[in-house]
Structure formats: C-alpha cells, structure tokens
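For reference, each letter of the sequence shown is one residue, going 1 to 253 in the working numbering.
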Amino acid sequence: MAAVGWAFRSAESGAPAAAQSAPVLRSLAVNVHRTLPHDTSAYTQGLLWWDGKLYESTGQYGTSDLRRLDPATGAVEQRVDIEAAYFGEGLARVDDELIMLTWKAQRAFVFGLERFDRRQTFRYRGDGWGLCNDGRRLIMSNGSNRLTFRDLRTFEPIGDVAVTLRGLPLLQLNELECVGDVVYANVYQTDHLVRIDPSSGRVTHQIDAAGLLTPAEARRADVLNGIAFDPGTERFYITGKLWPTMFEVTFEE
C-alpha cells in the first residue's frame, strides 16, 4: 500500500477506492492566543506541560539537552546536557520522572523531574522519535506510520497500531502529545499536525500550522516540531526546531 502525502485527489477526481470509502477527515485551524520567545539554538524534539512549567528535549549530536522553561517568558530555568554520543528525541512524564528518547542509540534516559538527576536507562529496538503518556501506557513513534504502546514501568512493548489517513499509511510521525483518549502528532518535514484515534490508528483531524513564522524567520529556522497541552487552560504550545517563537494556541474548526 502506498504511503499517504498531503496532496489528495478527491472522490470526484478519481481518488483510490480506499480513500473514497474512508470516514470524513476534519480540518482544524490554529488560533494563536499568545507568543513567547524560544531559544533559536534549541533543536526541539519533545515538549510537554506539567505543573505550570514546560519541559523540552532537544536533539543533534553534541548539543542535545533536557530543559525546564518558564511559560510566561520562555526563559530556560534548568538544563542538563546529554552526552555527545546521543541525539536526543521525544519526551514524556511518568509520575515524578521524565523519559527522554534517543534517535539511533536505542536508549531512553530516565530523569528525576525536579533535579534532572539521571536514574536509569531503558533499551528498545529501532529509532526513537516521539513519546507521550496517555495515563495507561506510553505511546512512541519511530518515524514510520506505527505507534508502539509501552508499559509505563518497564518500557516493554505491549502493542502497536498502524496510523492511516484516508485509508493510507501516514509516515514520519514525529513528536507526540497525548490528550485524553487521542494523540496529536507532528508530521516530520510538514507544517501539519494530526489528531489520531489510537484505538484504530485512524487520523480524524488534520491541522494546518503553516505561516506561523515570517518568511525571514522561516529561512533561518527548521521544521515545525513540539506540541504540549495545558489542561488548565485547554490550550496547546507549539514550536519548531531552531524557531525563535513558541505559540500558545487552540485548534478550532
């Protein structure tokens, strides 16, 4: 089965049968409520909100780190560097710990939430891209169209699901955010996010986040990546790799 892209043929123009029979895909717009500064040296890989603070993991060999941010100002309040041999990736919280993936090293580092003290290391197979906690399990992406479900305590795989958009595989699922019973995902090298039903793998909504940066800013920045949800305000924070700005937003029809 061919992988899906963002340019779709409609049923009227001869779309594949799988796409014609697929459930309706809804579109959401990004409504920006506030902007705050973002470190332009941060190659954002993971982003989450907890207890009034933002936590961010960054990538690249030699510059990967874990940091705590003040959401009022975007200032970095605490940071710990990752060894140069590791390329940092997605981030999730489990109780009083943070789990940070690595890209190719097949290791996930566990840090204490307060002091960023490293407590243990989990091993896994394949790439590490995005990670989130839905309250029952961890959900992990690896750049394909598959999401792996992992045990909260042992990090062992306990299941998986193939993600499809209009009946076709959606590749390059990147940073993840679990919100209730759904998963939001960045799609690597696009300006889109998607909302996924993890019970079926079906993409139910797509979100067009193009145009957040000015043309001049976009030339100096990398791709959209990073999504965190504040349940208190029911707003999201989104940013990108090397972006100068983080956006406090809602997604609206």
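Using N, Cα and C, we set each Cβ at its ideal position, and we do this for glycine too.
CB contact flag (residue i, residue j, <8 Å)
| i | j | result |
| --- | --- | --- |
| Leu171 | Asn142 | no |
| Glu175 | Leu54 | no |
| Asp208 | Ala29 | yes |
| Glu260 | Arg67 | What the structure shows of the chain is the stretch from 1 to 253, and residue 260 is not part of that stretch, so it cannot be assessed. |
| Trp49 | Asp230 | yes |
| Tyr184 | Ile139 | no |
| Phe87 | Gln120 | no |
| Glu177 | Asn31 | no |
| Tyr188 | Val163 | no |
Beta-bridge pairing of residue i - partner residues as DSSP gives them
| i | result |
| --- | --- |
| Ala108 | Leu101, Phe122 |
| Gln78 | Arg68 |
| Gln189 | Beta-bridge pairing links Gln189 to no other residue. |
| Asn142 | The partner list for Asn142 (beta bridge, DSSP) is empty, contrary to what the question assumes. |
| Ala228 | Tyr237 |
| Val94 | Glu97 |
| Ala130 | According to the sequence provided, residue 130 is Gly. The question's Ala does not apply to it. For Gly130, which the question treats as bridged, DSSP gives no partner whatsoever. |
| Arg26 | His205 |
| Gly88 | Thr102 |
| Glu252 | Ala29 |
| Phe247 | Thr35, Ile238 |
Cβ-Cβ separation, residue j to residue i (assumed contact under 8 Å), whole Å
| i | j | result |
| --- | --- | --- |
| Leu25 | Leu152 | The Cβ separation is near 31 Å, so there is no contact. |
| Leu147 | Ile99 | About 16 Å separates the two Cβ atoms, so there is no contact after all. |
| Asp65 | Ile82 | 6 Å |
| Gly211 | Thr44 | Incorrect: roughly 19 Å between the Cβ atoms, too far for contact. |
| Glu89 | Leu69 | That belief does not hold up - the Cβ atoms of Glu89 and Leu69 are roughly 18 Å apart, past 8 Å. |
Between the CA atoms of residue j and residue i - distance to the nearest angstrom
| i | j | result |
| --- | --- | --- |
| Glu234 | Gly126 | 34 Å |
| Val182 | Thr63 | 32 Å |
| Gln106 | Gly128 | 7 Å |
| Pro169 | Trp243 | 29 Å |
| Arg256 | Asn225 | The requested residue 256 does not occur in the structure, where the chain is confined to residues 1 to 253. |
| Met246 | Ala75 | 11 Å |
| Ala92 | Thr73 | 22 Å |
| Arg123 | Asp191 | 31 Å |
| Leu173 | Arg79 | 27 Å |
| Thr40 | Ala221 | 8 Å |
| Asn133 | Phe149 | 10 Å |
| Leu213 | Ile238 | 12 Å |
| Val203 | Gly167 | 9 Å |
| Phe111 | Thr58 | 15 Å |
| Pro71 | Ser200 | 34 Å |
| Pro198 | Val179 | 11 Å |
| Phe109 | Gly232 | 28 Å |
| Glu156 | Arg137 | 10 Å |
| Ser27 | Phe236 | 17 Å |
| Leu101 | Ala42 | 16 Å |
| Leu193 | Thr250 | 13 Å |
| Pro37 | Phe116 | 23 Å |
| Asp51 | Arg219 | 34 Å |
| Ala85 | Pro215 | 34 Å |
| Glu77 | Leu113 | 13 Å |
Checklist entry - What runs of the beta strand (DSSP E), each 3 residues or longer, lie entirely inside the stretch 28 to 73? => result 44 to 50, 53 to 58, 65 to 69
Checklist entry - Which runs of the alpha helix (DSSP H) fall wholly inside the stretch 144 to 224 and span at least 4 residues, in chain order? => result 215 to 220
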